[in-house]
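Chains A and B, in that order, are what the protein sequence lines are.
Residues in the first sequence are numbered consecutively from 767, following our numbering.
Residues in the second sequence are numbered consecutively from 1482, following our numbering.
Everything on this sheet refers to the single structure shown next.
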Amino acid sequence: MKKMNRRHFNTLLGAGAASMLVPLPILGQDKPKVVVIGGGAGGATAARYLAKDSDGALDVTLIENSDTYTTCFYSNLYLGGFRDFNSITHSYDTLASEFGITVVKGYATEVDRGAQSVTLADGSSVPYDRLIVAPGIDLIYDSVPGYSEEAAEIAPHAWQGGSQTELLKTKMDALEDGQNIIMVAPPNPYRCPPGPYERASMMAHMIKAKGFTNSRVTILDVKPKFSKQGLFTEGWESHYADIIEWLSPEVHGGVIEVDANAGTVETDLDTFEGAVLNVIPGMKAGAIATQAELTNESGFCPIDAETMRSAVDENIFVIGDASIAGAMPKSGFSANSQAKVAAMTIRGDLTDSKVFPARYANTCWSLISTDNGVKVGAQYAAENGEIVATSKFISETGEDEALRKTTYEESIGWYDSITADMFG
Amino acid sequence: MKIRMLISQRRNDVKNVDFITEHSVFSSLSLALSVAGLALLLGGLSVKALANPSIVDQILQQSPDLDYGEYLASECAGCHNPEGDTSSSVPVIHGLNAEKLVQALVDYREGERENSSMQDVASNLGNEEIAALAAYLSNYSE
Chain A
767 MKKMNRRHFN
777 TLLGAGAASM
787 LVPLPILGQD
797 KPKVVVIGGG
807 AGGATAARYL
817 AKDSDGALDV
827 TLIENSDTYT
837 TCFYSNLYLG
847 GFRDFNSITH
857 SYDTLASEFG
867 ITVVKGYATE
877 VDRGAQSVTL
887 ADGSSVPYDR
897 LIVAPGIDLI
907 YDSVPGYSEE
917 AAEIAPHAWQ
927 GGSQTELLKT
937 KMDALEDGQN
947 IIMVAPPNPY
957 RCPPGPYERA
967 SMMAHMIKAK
977 GFTNSRVTIL
987 DVKPKFSKQG
997 LFTEGWESHY
1007 ADIIEWLSPE
1017 VHGGVIEVDA
1027 NAGTVETDLD
1037 TFEGAVLNVI
1047 PGMKAGAIAT
1057 QAELTNESGF
1067 CPIDAETMRS
1077 AVDENIFVIG
1087 DASIAGAMPK
1097 SGFSANSQAK
1107 VAAMTIRGDL
1117 TDSKVFPARY
1127 ANTCWSLIST
1137 DNGVKVGAQY
1147 AAENGEIVAT
1157 SKFISETGED
1167 EALRKTTYEE
1177 SIGWYDSITA
1187 DMFG
Chain B
1482 MKIRMLISQR
1492 RNDVKNVDFI
1502 TEHSVFSSLS
1512 LALSVAGLAL
1522 LLGGLSVKAL
1532 ANPSIVDQIL
1542 QQSPDLDYGE
1552 YLASECAGCH
1562 NPEGDTSSSV
1572 PVIHGLNAEK
1582 LVQALVDYRE
1592 GERENSSMQD
1602 VASNLGNEEI
1612 AALAAYLSNY
1622 SE
């Protein structure tokens, strides 16, 4: 329990005096209000740290449209058969019951920055003193010719956890020997840089585990290089030499048209046919960030590197995939880290608690094959207005099996810890 | 032989290292001290082996800022669950004693203990940060 400082004491005195004049329900409304839009990796962490560390001095509301959250991180392990769906799905119950967070189920449609109020789809509104915008990503469907939200019901992107993930799993489970999987990999910047390549590994693992000998995974990339490329390439050569084929844009010459119904992807080189199409298009910040005019021409939100405060509104913070966080990749780990800096800054704004220089961290683990984990990570700080890496590390090619197994096991412990850190 | 065993054990998790520290004369601290003693006998050749124990002592003598420690420890919680159990592949560090925490972080920082993630984390920690972290984590209670 933190000591009550003079400012809290005066606030309470003020509330007591006011209660003599106005109806009682006003009492609880005197606390500063922090509203969080989005209950993903960043938003849930921010809400939890704000509530936990302010000891009731802040009124914290989390606005989230879903009853549960299925993490995008580790969803590839579900696709590969290493996790079940329930183990990557989390509820908001603990945030409400143990941390006193008001969890409002609804879709935020509008932020009125002048009035400091969020409007929900049902027409209700929630006022704020500080707002955290953590909507994650929206997909730019038409960045891939022929692709659309409707087409995603046949050719899933599965780049947002939940029903899309289950749809891709269902399609993968229905694959027969001799049928192929075609993945269209996304352009930078996108959520989870090693994700498409871990996913291809898990697809190949499934093909191998089923004993198929005539099925392939073809990755049609729009990038000439990708995250952890050396590690993945080594792993694919060792484990999936006849299964995974990665084609750079120089090789396939560009994606001309996706036809989800026909199961084809036409490129300059050839038309590829797959029983499973996994099309991952370009990305931008979630819609509410654009509506609130927090984005720039990149489609993402510029922030102050020291605080995660929006560059355009001092009462708003943008964290996670929707933000432009300098050298940090878009990941659940990054969002969790940025949330803690934003929460500390907001407590400093509203309760006079101490604020320390921002420190950020990220690690991305990837599973290539059974017990064969690799990782890449860095520590970050704000320097000259930018978030820059102060140190970094990456798994090496040629590592022994024992180390790879340790790295995979480490990721299991990490997953359990970070989801507890987000959802309680 | 015993040193080889120690090296392999030190590559295990913090819990295991704690066990060695408590139950073996070949603990990391006493090993460093005995190497230092030998070095003194040989004419004070080993400066590095002397360094860590004295850094650990220096850090333990600081007056740390618990609020700073709480903020720094929020990064730890992303991987080390404060309420986790000993079965986790990432060891529980909340509630460990300050000396063990300081020793571990100094060893990671100096590259004398394996784990690329922890070496990376510790390379960004000064003595003040390690003191604050150890004070907060060792005083942690659920």
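Virtual Cβ for every residue (Gly too), placed ideally from N, Cα, C.
| Asked | Found |
| --- | --- |
| Partners in chain B for D1187 (chain A), counting only beta-carbon separations shorter than 7 angstroms | A1558, G1559 |
| C838 (chain A), DSSP secondary structure in three states | coil |
| Rounded separation between G1092 (chain A) and C1557 (chain B) - CA only | 22 angstroms |
| Buried/exposed call for V1528 (chain B), threshold 16 Cβ in 10 Å | The pLDDT assigned to V1528 (chain B) is 42, lower than 50, so where the model puts this residue is not dependable; a value taken from the coordinates is nonetheless given after this. Exposed: under 16 other Cβ atoms inside 10 Å. |
| Interface partners of K1158 (chain A) on chain B, CB under 8 angstroms | D1601 |
| Cβ neighbour criterion (16 or more within 10 Å) applied to K1120 (chain A) | exposed |
| CB contact check: G1607 (chain B) to chain A, cutoff 8 angstroms | no |
| Proximity below 8 angstroms, CB of V1024 (chain A) to CB of A917 (chain A) | yes |
| Contact list for the stretch 1088–1106 of chain A against chain B, Cβ threshold 8 angstroms | F1099, N1102, S1103, K1106 |
| Alpha-carbon spacing of A1109 (chain A) relative to F1122 (chain A), whole angstroms | 12 angstroms |
| DSSP bridge partner residues for T885 (chain A) (one or two, in chain order) | A:E876, A:S891 |
| Interface residues of chain A facing D1562 (chain B) [CB-CB closer than 9 angstroms] | Just to set this straight, residue 1562 (chain B) is Asn in the shown sequence, not Asp. Those are G1179, D1182, S1183, I1184, A1186, D1187, listed as they occur along chain A. |
| Segment limits, beta strand (DSSP E) that includes G1048 (chain A) | 1048–1051 |
| Partners in chain A for S1597 (chain B), counting only beta-carbon separations shorter than 7 angstroms | F1159 |
| Chain A within 8 angstroms of Y1621 (chain B), Cβ atoms only | no |
| V1495 (chain B) to K994 (chain A) span [Cα, whole Å] | The pLDDT assigned to V1495 (chain B) is 35, lower than 50, so where the model puts this residue is not dependable; a value taken from the coordinates is nonetheless given after this. Their Cα atoms are separated by approximately 28 angstroms. |
| DSSP three-state assignment for Y829 (chain A), whether helix, strand or coil | Sequence check: residue 829 (chain A) is Ile here, not Tyr. It is a strand residue. |
| Q1542 (chain B), buried or exposed, once every other Cβ within 10 Å from all chains shown has been counted against 16 | exposed |
| Beta-bridge partners of E1032 (chain A), as assigned by DSSP | A:E1023, A:T1037 |
| is_contact[V1571 (chain B), chain A] using C-beta, thresh 8 angstroms | yes |
| The stretch 1589–1605 of chain B contacting the stretch 1151–1166 of chain A, beta-carbon criterion three pairs below 8 angstroms | yes |
| Three-state secondary structure (DSSP) of I1009 (chain A) | coil |
| Contacting residues, own chain, Cβ-Cβ under 7 angstroms from P1047 (chain A) (five flanking each side not counted) | L905, I906, Y907, S909, V910, Y913, H923, P952 |
| Counted within 10 angstroms of its Cβ, other Cβ atoms place N1128 (chain A) as buried (16 or more) or exposed | buried |
| Residues near P1563 (chain B) in its chain [Cβ-Cβ closer than 8 angstroms; skip 5 each side] | V1573, H1575, Y1621, E1623 |
| CB contact check: E1176 (chain A) to chain B, cutoff 8 angstroms | yes |
| Proximity test, Cβ basis, 8 angstroms: G808 (chain A) and chain B | no |
| Opening and closing residue of the alpha helix (DSSP H) in which I1611 (chain B) lies | 1608–1619 |
| Boundaries (first-last residue) of the alpha helix (DSSP H) holding G1213 (chain A) | Because chain A is modelled from 767 through 1190, residue 1213 (chain A) falls outside the range shown and cannot be assessed. |
| Chain B contact residues for A812 (chain A), given Cβ-Cβ distances below 7 angstroms | Correct list: empty, because the minimum Cβ distance to chain B is about 11 angstroms. |
| Bridge-paired residues (DSSP) for V1017 (chain A) | Note: V1017 (chain A) sits in no beta bridge, so no partner. |
| First and last residue of the uninterrupted beta strand (DSSP E) at G1139 (chain A) | 1138–1149 |
| Own chain partners of W1180 (chain A) with C-beta closer than 6 angstroms, once the 5 adjacent residues on each side are dropped | none |
| Reduced DSSP category for D904 (chain A) - H, G, I as helix; E, B as strand; rest coil | strand |
| Within chain A, the residues that G1565 (chain B) reaches when beta carbons sit closer than 9 angstroms | G1179, D1182, S1183, A1186 |
| Span of the beta strand (DSSP E) around H1561 (chain B) | It is not in any beta strand (DSSP E) - H1561 (chain B) carries neither H nor E in the DSSP assignment. |
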